[in-house]
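Engineer:
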Amino acid sequence: VLENWAQYLDAEWLNWGNMYTIAPFYALILILLVKPYGLFGTQNIERV
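The numbering of the sequence shown is the working numbering, which starts it at 2 and goes up by one.
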């Protein structure tokens, strides 16, 4: 879905070439920077 949306944006307004092919990877990197445990992950706290 993200790739199709990026292809539409690229064709209509941006004209950056084939930017839509790497848009999902940029989204994954952004998600991992904001939530390093994943989209649905939880942080496990180990008590010693």
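Glycine is no exception: its CB is placed at the ideal position from the N, C-alpha and C atoms.
#1: Just to confirm my understanding: we take GLN44, look at its own chain, exclude 5 residues before and 5 after, and list those with CB closer than 6 Å. What are they?
#2: With burial defined as no fewer than 16 other Cβ atoms inside 10 Å of the residue's Cβ, what is the status of ALA28: buried or exposed?
#3: By Cβ distance below 7 Å, which residues in the same chain neighbour ALA7 in space, the five residues on each side in sequence not counted?
#4: Tell me whether TYR21 sits in a helix, a strand or coil according to DSSP, three-state version.
Structural biologist: From the atom records:
#1: TYR38
#2: exposed
#3: MET20, TYR21 and ALA24
#4: helix
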